[in-house]
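J.: Chains as they are written, first to last, in my numbering: chain A, 28 to 370; chain B, 28 to 370; chain C, 28 to 370. Where a beta carbon is used, it is the ideal one built from N, C-alpha and C, also for glycine. Quick caveat, the model's predicted, so the values are computed rather than measured.
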């Protein structure tokens with residue numbers, strides 16, 4: 028029993044601590060093919076080497092969400108095994124694309140701790156960094172979780188709450204080297220609308236829905252070596268249901284957003300996100316987006332667009348929160364991100 | 028709402044129109060591995076680089092049905108999003124094998140339109156071509172579908188019904204460059220019977236059955252970027268069932284046909300095909316074949332065989348149609364194709 | 028009907044016979060990605076090229092169980108299509124790692140036959156060898172199965188029962204060329220315990236559980252081109268259940284054993300194994316291990332550990348057999364293997 032990992036509890040975290048996460052991972056075309064089988068992903072830059080080359084890249088990178096899931100998955104045994112809730116994300120930036128054959132590893136620095144007033148749990152903030160085999164920074168983001176205390180009698184640590192940007196500004200974003208949308212083929216991309224056609228405040232219903240299956244969300248979650256019991260073990264929750272990894276909903280909603288946002292090709296910033304309600308097998312996931320902001324960039328032909336991506340189950344309205352300010356029960360995800368789009 | 032693709036309606040098609048379909052796709056070994064996970068595919072030429080080399084090819088190509096599904100999938104948003112029925116195929120030819128790393132795109136030319144007498148729908152014929160990154164023709168086929176009219180009051184177009192060959196003749200078939208079956212290893216291929224052993228009119232029961240799961244048909248269909256709602260969204264049909272992509276049944280039946288036709292290695296021609304009845308999760312798919320024709324070819328050791336491939340659910344008989352000439356309810360697929368076999 | 032493979036019956040086997048199994052298979056990164064999607068596999072040597080290079084290997088090999096499943100799968104049509112039971116394994120040795128791009132084939136030599144007293148069935152022992160495209164031996168193992176007779180009146184063959192080692196000794200094991208654990212990174216591997224920390228007799232509960240889905244076990248089993256009807260066809264058994272391939276449980280349990288045995292990196296020997304009870308979709312698989320033996324090796328920093336790996340459903344105890352000496356109903360697998368671990 029003593030040789031198995033019981034996970035960290037609240038009192039095991041201290042500000043300044045750096046946790047080097049286990050199990051580096053080489054990702055290649057197999058992971059890409061699986062991504063296309065698990066999600067209705069059609070963004071052309073991630074589908075075709077030739078299309079990517081016509082946009083100034085050496086070949087098609089792995090999907091930005093593959094980078095996120097692989098980096099995130101490694102943190103689970105160290106950060107969220109005893110987590111009660113995944114509270115938020117901030118300051119997420121994609122720095123270097125992931126190319127087939129790259130080996131990713133990740134580490135997290137504890138940047139905040141705050142014990143809750145009930146004395147049983149606390150909030151931990153970590154800044155996670157994903158690196159490739161050249162020690163280049165691939166991705167970084169801040170995440171905070173509520174974690175159980177091992178011993179409710181343990182003394183509370185000094186409270187440190189990090190100052191986080193409510194949203195990245197366009198100047199914070201890193202544009203992949205060489206990216207050039209001046210020769211962009213809108214017809215092959217599957218969408219005539221360009222950066223100039225989207226207006227701040229505009230909402231887009233992505234129309235399509237996907238009914239979720241146990242086998243699919245488990246395969247996806249395992250592929251990222253995310254091992255949280257609650258996703259895989261039907262005996263773990265009293266209701267016998269397997270809770271679906273929140274990242275599965277992000278990828279599903281992002282893929283569905285192709286229909287209306289096919290030209291929002293690359294994700295470069297994550298401003299925030301909430302997994303508003305749990306999703307279970309049998310739910311039908313739909314998505315809508317809202318244009319929150321727009322910005323120009325220095326890269327040729329490349330504009331930035333800040334989007335709210337909302338995933339829902341069943342419902343087909345743009346309603347998000349109730350009069351009490353809480354997410355409505357049909358809302359699964361409320362994500363705030365920056366993407367790059369041809370101007 | 029206006030930025031999402033609502034699909035073309037009958038009055039949007041005109042003879043001579045060429046539609047360049049969106050989202051090119053690079054396919055590699057990941058797609059091949061998934062094909063082997065989703066279908067009981069065992070034809071040796073598509074399983075082993077060494078076997079393919081012993082047959083004169085540089086290495087093992089991707090399965091002919093992968094080529095078909097990828098090319099077909101791209102046409103869905105432009106051709107069949109508002110289709111009521113997939114009516115038929117003709118004049119299908121595989122021209123150039125697909126090698127791992129190839130990037131496929133496709134385009135369709137409208138070659139026929141005919142409004143139905145009810146005034147609500149019409150039939151559209153398209154000739155679809157799949158090309159690789161060298162602009163070589165990989166695959167072409169004619170397909171016709173029944174499509175809804177947007178406006179039932181719209182005037183009917185001039186009727187054009189293309190003349191299509193009831194079946195390709197052997198001289199229409201393209202044999203892959205270098206193919207040579209003179210050193211064919213029948214033991215490694217898993218089947219002692221050669222071209223000369225099959226007689227016209229002979230029927231072969233492929234014995235095995237596979238029970239279909241939602242997760243599998245959705246992963247397969249997504250992998251080809253086929254996004255028709257009816258395959259994925261359990262809320263779309265009044266009966267709450269997800270209709271299985273007809274191509275899933277083709278691949279399943281073709282893979283099952285290994286047991287009795289392991290040497291029918293390469294598919295080179297598609298003469299016709301009918302998706303006779305819908306298939307749903309839980310159905311157990313079986314298959315039988317009938318030898319329709321045989322022909323010699325110029326390639327060393329290579330014969331051609333024309334086969335009827337029938338997929339059924341549950342039943343284990345060779346019955347196909349009732350006294351009324353209609354397919355029996357247990358028949359899922361009736362496909363007519365040419366394959367290459369060692370003489 | 029005559030062209031389909033009905034499989035061999037007991038009287039078709041004779042000692043000395045060598046069966047060359049059909050359908051060679053090229054395996055690459057796609058198979059590896061699928062392995063990571065189907066099982067919670069996290070052993071670092073099979074996850075990261077860089078980690079493998081730091082252990083003296085050219086890059087990350089394919090999982091040892093991929094090698095086993097591919098070699099095993101080819102034997103099914105020739106050895107176990109008419110098998111009533113899979114009785115045991117012995118003398119299994121992994122000789123040469125499988126690298127992405129290798130092409131595997133397999134052959135089996137009949138080394139024993141013994142008709143059962145009921146006259147209806149018999150036991151057949153085969154030694155199966157897997158080879159790569161360079162004709163190097165990749166893997167060998169002995170397996171014995173109970174097979175039906177075609178004709179109960181057929182004369183019994185002379186009984187030959189091979190002498191098999193109850194367990195391999197450490198000197199029988201082949202250490203992959205170049206393997207060097209002196210610079211092993213325990214933190215990246217995800218486990219602080221090394222060879223010296225494990226004691227003979229020690230038992231480890233691997234804690235996690237995975238609930239099994241039809242789509243997943245069928246995809247896994249198909250991926251290895253294992254075509255036994257009972258795994259795929261829900262109409263085959265009177266109870267309408269699909270029996271899960273025993274190898275699926277081996278891979279699942281081995282992957283779960285990461286939590287407590289993350290440093291038992293490479294499997295090099297298979298001493299024996301029993302599929303104690305059948306597993307069906309919906310069962311939740313757990314695992315525990317017992318340290319049976321330890322040995323030093325000549326390779327730098329590399330120790331060998333002999334482990335019992337037990338898979339169970341639902342139960343969370345170390346109980347294995349009842350007072351009658353029979354496996355308890357919740358035990359799925361009892362496997363005895365040698366693994367390599369940093370000292």
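Who are the neighbours of residue 51/B on chain A, taking C-beta pairs under 7 Å?
T.: Those are 71, 74, 75, 77, 78, 215, listed as they occur along chain A.
J.: For residue 322/A and residue 81/A, what's the separation of their Cα atoms in angstroms?
T.: Each residue's Cα considered, the two are about 23 Å apart.
J.: Rounding to the nearest angstrom, what Cα-Cα distance links residue 193/C and residue 295/C in this structure?
T.: Their Cα atoms are separated by approximately 16 Å.
J.: What are the boundary residues of the alpha helix (DSSP H) that includes residue 77/C?
T.: Unbroken alpha helix (DSSP H) run through residue 77/C: 76-81.
J.: Residues of chain B with CB under 9 Å from residue 286/A, in chain order?
T.: Under the 9 Å cutoff, chain B gives 30, 31, 32, 104, 254.
J.: With 9 Å set as the bound, which would you pick, yes or no: does the beta-carbon of residue 160/C sit closer than that to a beta-carbon of chain B?
T.: Yes, because at least one Cβ of chain B sits closer than 9 Å to the Cβ of residue 160/C.
J.: Checking the sheet assignment: what are the DSSP bridge partners for residue 230/B?
T.: Paired residues: 317/B.
J.: Only counting the same chain, and skipping five residues up and downstream in sequence, which positions put a Cβ closer than 7 Å to that of residue 177/B?
T.: If we look at residue 177/B and ignore the five residues flanking it on each side, its Cβ neighbours are 36, 38.
J.: Can the beta-carbon of residue 222/A be found closer than 9 Å to that of residue 369/A?
T.: For residue 222/A and residue 369/A, yes; Cβs fall inside 9 Å.
J.: With 9 Å as the threshold, decide whether the Cβ of residue 211/A is near any Cβ in chain B.
T.: No, its Cβ sits nowhere closer than 9 Å to a Cβ of chain B.
J.: Say whether chain B places a C-beta atom closer than 9 Å to the C-beta of residue 96/A.
T.: Output row for residue 96/A: interface = no.
J.: Pull the bridge partners of residue 357/C from the DSSP assignment, please.
T.: According to DSSP, residue 357/C bridges with nothing at all.
J.: Please report the straight-line C-alpha distance between residue 151/A and residue 133/A, rounded to a whole angstrom.
T.: Roughly 18 Å between the two C-alpha positions.
J.: Tell me which same chain residues have a C-beta within less than 6 Å of the C-beta of residue 28/A, skipping the five on either side of it?
T.: No answer about residue 28/A holds up, because its pLDDT of 48 lies below 50 and its placement is not dependable.
J.: So which of 137/B, 53/B, 92/B, 128/B has the shortest CA-CA distance to residue 47/B?
T.: For the residues 137/B, 53/B, 92/B, 128/B, the minimum Cα distance to residue 47/B belongs to 137/B.
J.: Quick one: what does DSSP say residue 249/B is sitting in, helix, strand or coil?
T.: Residue state, collapsed to three classes: helix.
J.: Just the C-alpha distance for residue 123/C and residue 113/A, rounded to the nearest angstrom, thanks.
T.: Their Cα atoms are separated by approximately 44 Å.
J.: Can you look up residue 254/B in the DSSP assignment and give me helix, strand or coil?
T.: Coil, per DSSP.
J.: Could you name the residues of the same chain whose beta carbon sits closer than 6 Å to that of residue 52/C, not counting the 5 residues immediately before and after it, in chain order?
T.: For residue 52/C, where only same-chain residues beyond five positions count, the Cβ hits under 6 Å are 97, 131.
J.: Below 7 Å CB to CB, which residues in the same chain sit around residue 320/B once its five sequence neighbours on both sides are set aside?
T.: So the qualifying residues of the chain are 227, 333.
J.: What does the alpha-carbon distance come out to for the pair residue 300/C and residue 144/A?
T.: Distance between the alpha carbons of residue 300/C and residue 144/A: 53 Å.
J.: DSSP state of residue 262/C, grouped into three classes?
T.: Here residue 262/C sits in coil by DSSP.
J.: Are the segment 227-240 of chain B and the segment 196-208 of chain B touching, with three or more C-beta to C-beta distances below 8 Å?
T.: Judged by Cβ distances under 8 Å, the segment 227-240 of chain B makes no contact with the segment 196-208 of chain B, as fewer than three pairs qualify.
J.: Per DSSP, what are the beta-bridge partners of residue 158/A in this structure?
T.: Answer by DSSP bridge pairing, in chain order: 132/A, 164/A.
J.: Identify each residue in the segment 238-249 of chain B for which the Cβ-Cβ distance to at least one residue of chain C is less than 9 Å, and report them in chain order.
T.: Under the 9 Å Cβ criterion, the segment 238-249 of chain B contributes 238, 240, 241, 242, 243, 246.
J.: Would you report the Cα separation of residue 83/C and residue 92/C, rounded to the nearest angstrom?
T.: Computed Cα separation, rounded: 21 Å.
J.: Look at the alpha carbon of residue 278/C and the alpha carbon of residue 120/B, and state the distance between them as a whole number of angstroms.
T.: Near 41 Å, if we compare the C-alpha coordinates of residue 120/B and residue 278/C.
J.: Using a beta-carbon distance below 9 Å, is residue 56/A in contact with chain B?
T.: True, the Cβ-Cβ gap to chain B drops below 9 Å.
J.: What does a CB cutoff of less than 8 Å around residue 246/C pick up in its chain, not counting 5 residues either side in sequence?
T.: 61, 65, listed in sequence order.
J.: Between the segment 120-132 of chain B and chain A, which residues of the former have a C-beta closer than 9 Å to a C-beta of the latter?
T.: Going along the segment 120-132 of chain B in chain order, one finds 127, 128, 130, 131, 132 with a Cβ nearer than 9 Å to chain A.
J.: Say whether chain C places a C-beta atom closer than 9 Å to the C-beta of residue 61/A.
T.: With 9 Å as the cut-off, residue 61/A counts as an interface residue toward chain C.
J.: Does residue 344/A have its Cβ less than 9 Å from a Cβ in chain B?
T.: No, because no Cβ of chain B sits closer than 9 Å to the Cβ of residue 344/A.
J.: Looking at C-beta atoms only, is the number of pairs between the segment 237-251 of chain C and the segment 206-221 of chain B that lie closer than 8 Å three or more?
T.: Taking 8 Å as the limit for Cβ pairs, the verdict is that the segment 206-221 of chain B does not touch the segment 237-251 of chain C.
J.: Which residue comes first and which comes last in the alpha helix (DSSP H) that contains residue 118/C?
T.: No alpha helix (DSSP H) holds residue 118/C; the beta strand (DSSP E) holding it covers 110-121.
J.: Thinking C-beta only, is residue 293/A closer than 9 Å to residue 367/A?
T.: Yes.
J.: Taking the Cβ atom as the reference point for each residue, do residue 304/A and residue 354/A lie within a distance shorter than 9 Å?
T.: Going by C-beta atoms, residue 304/A is nearer than 9 Å to residue 354/A.
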